[in-house]
Amino acid sequence: MAGEGVKLLGYWASPFALRVRSALKLKGIEYEYQEEDLGNKSPLLLQGNPVYKKVPVLLHNGKSISESLVILEYIDEVWKHNPLLPEDPYERARSRFWAKFVDEKCVPALVGVITKVGEELEKSAREAREHLKTLESGLDGKRCFGGTKIGFADVAIAWIAYWVRMEQEAFKIQLIDQQNMPLLAAWIDYVLEDPVMKEFMPPYDKLVKHTRDLREKLTAVVSN
Amino acid sequence: MAKEDVLLLDFWVSPFCSRVKIALAEKGVAYQQRGEDIFGGKSELFLKSNPIYQKVPVLLHDGKPMCESTNIVQYIDETWPSPPLLPSSAYDRARARFWADFIDKKLFDAGGNIWKTKGEDQAAAKKELIQILKYLEGGLGDKDYFGGDSFGFVDIIAIPLTNWFFAYEKFGNFKVEEECPKFAAWTKRCLGRESVAKTLPDPQQVFEFVSMMRKMHGIE
């Protein structure tokens with residue numbers, strides 16, 4: 001489907017850009033993708049998101065939209081087929097709540113896993129496990145956050161499935177406890193098998209290396 | 001509409017609760033309100049309705065609980081569509097959500113850093129608050145309200161937080177009006193609105209509350 005001048009500024013390792021790519025794919029929207037060099041941001045990015053200067057930025061009909069969850073809602077409102085958000089206002093509130101919960105609680109804990117060592121690392125991992133356990137309650141016993149099929153919250157949260165597995169392997173810690181979080185573990189398997197969700201996941205080995213390098217850089221700064 | 005259908009769990013000084021009250025007032029929705037003692041014992045309904053964050057506001061509609069004030073205001077707008085709080089075009093709605101998110105991420109914490117600190121830290125906190133307000137002035141542009149000619153979503157998200165500015169100004173020894181006159185003018189405009197004027201507590205009382213919090217934090 002013609003995107004009428006849709007362009008996405010993203011970064012291969014950004015889970016926030018991943019969200020937008022998945023949403024555009026689910027809606028079948030054609031767009032131009034521009035990979036940003038975060039060390040040398042393009043004028044388009046700096047103009048498109050002057051407040052934060054971050055990816056993702058969606059450009060549509062000459063206008064720019066930033067903040068990934070805001071972009072998801074925009075996409076859902078402009079292209080109304082295959083709706084991401086449910087119709088019922090209460091269910092919409094729930095979807096938005098869980099998407100935000102991940103950003104507010106899981107992201108800092110998962111970032112903590114990257115930047116900390118020793119006892120602090122164990123503490124971050126424990127926090128991450130607690131938040132993931134809470135996240136599981138959002139499934140409400142269903143297969144995915146959207147109910148029977150992938151919806152707004154799944155698109156917003158799916159990257160966790162990938163990142164959590166990657167961090168477990170890269171840093172030899174446990175984040176997903178199959179016994180303690182069986183529903184979330186099942187959701188992770190489901191999401192990682194979905195052809196649309198997995199299409200834009202970054203290459204696994206490249207992401208592991210990228211994250212390990214990031215940790216070396218950040219922990220070196222801390223200890224110096 | 002039966003008053004019992006809508007219940008707000010509230011704390012009088014919370015700007016986040018004020019957001020919900022203003023939104024309900026704008027929509028003409030009747031509701032019941034229950035003050036939570038957030039320093040003392042939290043009620044069972046409160047703990048059950050918001051087990052994850054254990055914060056106010058919580059809105060219960062037909063017994064179904066919702067938390068996070070920005071989320072609640074959107075819910076109110078979608079459930080009682082008239083008059084609309086969000087603009088009609090998708091792009092303008094995206095701008096509104098962007099500014100609401102920006103305000104949520106930055107404004108209250110920046111204010112908190114002013115009353116919680118002294119000396120150099122406080123000077124840095126003041127600078128940060130002014131920078132945030134300047135960004136918001138950019139978002140406002142030449143318009144009367146963030147959404148244009150009518151009071152709406154972003155105004156509701158922002159205006160209760162300005163209720164705490166008097167306290168920040170007293171502790172930080174500065175005046176928002178001098179640094180950000182456009183923002184101050186917008187504030188006055190919103191305070192002239194009935195739903196806002198009737199909802200927001202007296203800034204002097206907020207100042208006394210913050211003074212008490214300072215003592216609790218051991219700051220003099």
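Taken in order, these protein sequences are the chains called V and U.
Residue numbering for the first sequence follows UniProt numbering, beginning at 1 and increasing consecutively.
Residue numbering for the second sequence follows UniProt numbering, beginning at 1 and increasing consecutively.
Where a beta carbon is used, it is the ideal one built from N, C-alpha and C, also for glycine.
Fair warning: this is a prediction, and the values are worked out from it, not measured in the lab.
Among V:W98, V:E67, V:I150, V:V111, the one whose alpha carbon lies nearest that of V:L84: As a working note, residue 84 of chain V is residue 84 in the first sequence. Per the Cα distances, V:I150.
Using a beta-carbon distance below 8 Å, is V:E91 in contact with chain U? Sequence index remark: in the first sequence, residue 91 of chain V carries index 91 (1-based). Output row for V:E91: interface = no.
Select from V:N40, V:F152, V:L214, V:Q47 the residue whose C-alpha is nearest the C-alpha of V:I65. By 1-based counting over the first sequence, the position of residue 65 of chain V is 65. The candidate whose alpha carbon is nearest that of V:I65 is V:Q47.
For V:E30 and V:G3, the rounded distance between their alpha carbons: Numbered from 1 along the first sequence, position 3 holds the residue referred to as residue 3 of chain V. Numbered from 1 along the first sequence, position 30 holds the residue referred to as residue 30 of chain V. Bear in mind that the predicted position of V:G3 carries a pLDDT of just 47, short of 50, making it unreliable; the figure below should be weighed with that in mind. Rounded to the nearest angstrom, the two C-alpha atoms are 5 Å apart.
Rounded C-beta distance between V:V113 and V:I173? I'm assuming under 8 Å. Here residue 113 of chain V is taken as the residue at index 113 of the first sequence, counted from 1. Here residue 173 of chain V is taken as the residue at index 173 of the first sequence, counted from 1. Indeed they touch by this definition, with Cβ atoms about 7 Å apart.
Looking only at DSSP bridge pairs, what is V:K7 linked to? What you label residue 7 of chain V is simply residue 7 of the first sequence in a count that begins at 1. DSSP, once it has assigned bridges, lists V:E32, V:L59 as partnering V:K7.
Tell me, please, whether the stretch 66–84 of chain V touches the stretch 109–125 of chain U by the rule of three or more beta-carbon pairs shorter than 8 Å. no
Check V:M1 in the structure and name its three-state DSSP category. Position 1 of the first sequence holds residue 1 of chain V. No answer about V:M1 holds up, because its pLDDT of 44 lies below 50 and its placement is not dependable.
Counting only Cβ pairs nearer than 8 Å, list the residues of chain U close to V:V117. Against the first sequence, residue 117 of chain V aligns to sequence position 117. Within 8 Å Cβ-Cβ: nothing; V:V117 doesn't reach chain U, min ~28 Å.
Could you round the C-beta distance between U:F166 and U:L136 to whole angstroms and report it? I think they count as a contact, below 8 Å. As a working note, residue 166 of chain U is residue 166 in the second sequence. As a working note, residue 136 of chain U is residue 136 in the second sequence. About 18 Å separates the two Cβ atoms, so there is no contact after all.
Around the Cβ of V:R215, are there at least 16 other Cβ atoms within 10 angstroms (buried) or fewer (exposed)? Position 215 of the first sequence, counted from the start, is the residue given in the question as residue 215 of chain V. Looking at its Cβ environment, which holds 16 or more other Cβ atoms inside 10 Å, V:R215 is buried.
Under 9 Å Cβ-Cβ, which residues of chain A neighbour U:E137? In summary, chain A is missing from the structure at hand, where the protein chains are V and U.
Going by Cα to Cα distance, which pick from U:A123, U:G35, U:E78, U:G148 is closest to U:W186? As a position in the second sequence, residue 186 of chain U is number 186, starting the count at 1. Nearest option by C-alpha distance: U:G148.
When you compare each of V:L183, V:L69, V:S124 to V:L139 by their alpha carbons, which one comes out closest? Position 139 of the first sequence, counted from the start, is the residue given in the question as residue 139 of chain V. Minimum Cα distance to V:L139 is reached at V:L183.
Compute the Euclidean distance between the alpha carbons of V:Y162 and U:I132, then round it to the nearest angstrom. Indexing the first sequence from 1 puts residue 162 of chain V at position 162. Indexing the second sequence from 1 puts residue 132 of chain U at position 132. Answer to the nearest angstrom: the Cα atoms are 35 Å apart.
Give the C-beta separation of V:E67 and U:F98 to the nearest angstrom, bearing in mind that I take them to be a contact with Cβ-Cβ under 8 Å. Taking the first residue of the first sequence as position 1, residue 67 of chain V is located at position 67. Taking the first residue of the second sequence as position 1, residue 98 of chain U is located at position 98. About 6 Å; that satisfies the 8 Å criterion.
Would you call the stretch 88–98 of chain U in contact with the stretch 191–209 of chain U, where contact means no fewer than 3 C-beta pairs closer than 8 Å? Under the Cβ criterion (8 Å, minimum of three pairs), the stretch 88–98 of chain U does not count as touching the stretch 191–209 of chain U.
Return the first residue and the last residue of the beta strand (DSSP E) that U:Q33 is part of. In the second sequence, counting from the first residue as 1, residue 33 of chain U sits at position 33. 32–35 is the extent of the beta strand (DSSP E) around U:Q33.
Exposed or buried, which one is U:F102 when buried takes at least 16 other CB atoms within 10 Å? As a first step, residue 102 of chain U is located in the second sequence; it is residue number 102 there, counting from the start. The residue is buried, with at least 16 neighbouring Cβ atoms inside 10 Å.
How is the beta strand (DSSP E) around U:H61 delimited, first residue to last? Numbered from 1 along the second sequence, position 61 holds the residue referred to as residue 61 of chain U. For U:H61, the enclosing beta strand (DSSP E) covers residues 58–61.
Within a Cβ cutoff of 7 Å, which residues of the same chain sit near U:N50, ignoring the five residues on either side of it in sequence? On the second sequence, residue 50 of chain U is found 50 positions in, with the first residue counted as 1. The residues are V58, P65, C67.
Measuring only between beta-carbons, confirm whether residue 230 of chain U sits less than 8 Å from chain V. The requested residue 230 of chain U does not occur in the structure, where chain U is confined to residues 1 to 220.
Kindly identify the DSSP beta-bridge partner or partners of U:M66. Here residue 66 of chain U is taken as the residue at index 66 of the second sequence, counted from 1. Note: U:M66 sits in a beta bridge opposite U:L59.
Straight-line Cα distance separating U:P81 from V:S14: Walking along the first sequence from the start, residue 14 of chain V turns up at place 14. Walking along the second sequence from the start, residue 81 of chain U turns up at place 81. Taking the Cα positions, V:S14 is about 36 Å away from U:P81.
Would a check of beta-carbon distances place V:S66 closer than 8 Å to chain U? For the purposes of this step, residue 66 of chain V is taken as residue 66 along the first sequence, with counting starting at 1. Yes, contact with chain U.
Tell me, please, whether the CB atom of V:F171 is closer than 8 Å to any CB atom in chain U? The residue you call residue 171 of chain V lines up with position 171 of the first sequence. Not closer than 8 Å to any Cβ of chain U, the Cβ of V:F171 fails to qualify, so no.
Which residues, in chain order, does the UniProt domain "GST N-terminal" (4–84) of chain U contribute to contact with chain V at a C-beta distance below 8 Å? I52, H61, K64, M66, C67, E68, N71, I72, Q74, Y75, E78, T79
In angstroms with no decimal places, state the Cα-to-Cα distance between U:S69 and U:K21. Counting from one through the second sequence, the residue named residue 69 of chain U turns up at place 69. Counting from one through the second sequence, the residue named residue 21 of chain U turns up at place 21. The alpha-carbon atoms of U:S69 and U:K21 are separated by roughly 10 Å.
Over what stretch of residues does the beta strand (DSSP E) that includes U:D10 continue unbroken? Start at 1 with the first residue of the second sequence, and residue 10 of chain U comes out as number 10. It spans 6–10 - the beta strand (DSSP E) in which U:D10 sits, taken as one unbroken run.
I'd like to know whether the C-beta of V:K209 is nearer than 8 Å to at least one C-beta of chain U. Position 209 of the first sequence, counted from the start, is the residue given in the question as residue 209 of chain V. Not an interface residue.
Is it the case that the Cβ atoms of V:P56 and V:L9 are separated by a distance below 8 Å? For the purposes of this step, residue 56 of chain V is taken as the residue at position 56 of the first sequence. For the purposes of this step, residue 9 of chain V is taken as the residue at position 9 of the first sequence. A contact, by the Cβ cut-off of 8 Å.
Backbone CA spacing between V:Y204 and V:F97 [nearest angstrom]: Position 204 of the first sequence, counted from the first residue, corresponds to residue 204 of chain V. Position 97 of the first sequence, counted from the first residue, corresponds to residue 97 of chain V. Between V:Y204 and V:F97, the C-alpha separation is close to 29 Å.
Those residues which DSSP pairs with U:S49 across a bridge: Here the question's residue 49 of chain U lines up with position 49 in the second sequence. DSSP, once it has assigned bridges, lists no residue as partnering U:S49.
Anyone know if the C-beta pair for U:R19 and U:I219 falls short of 8 Å? Sequence index remark: in the second sequence, residue 19 of chain U carries index 19 (1-based). Sequence index remark: in the second sequence, residue 219 of chain U carries index 219 (1-based). Going by C-beta atoms, U:R19 is not nearer than 8 Å to U:I219.
Check the Cβ of U:R97 against every Cβ in chain V and list those closer than 7 Å, keeping chain order. Your numbering for residue 97 of chain U matches position 97 in the second sequence. Chain V residues near U:R97: V70, E73.
When the Cα atoms are used, what is the spatial distance from V:M181 to U:S43? Here residue 181 of chain V refers to the residue found at position 181 of the first sequence. Here residue 43 of chain U refers to the residue found at position 43 of the second sequence. Spanning the two alpha carbons is a distance of roughly 29 Å.
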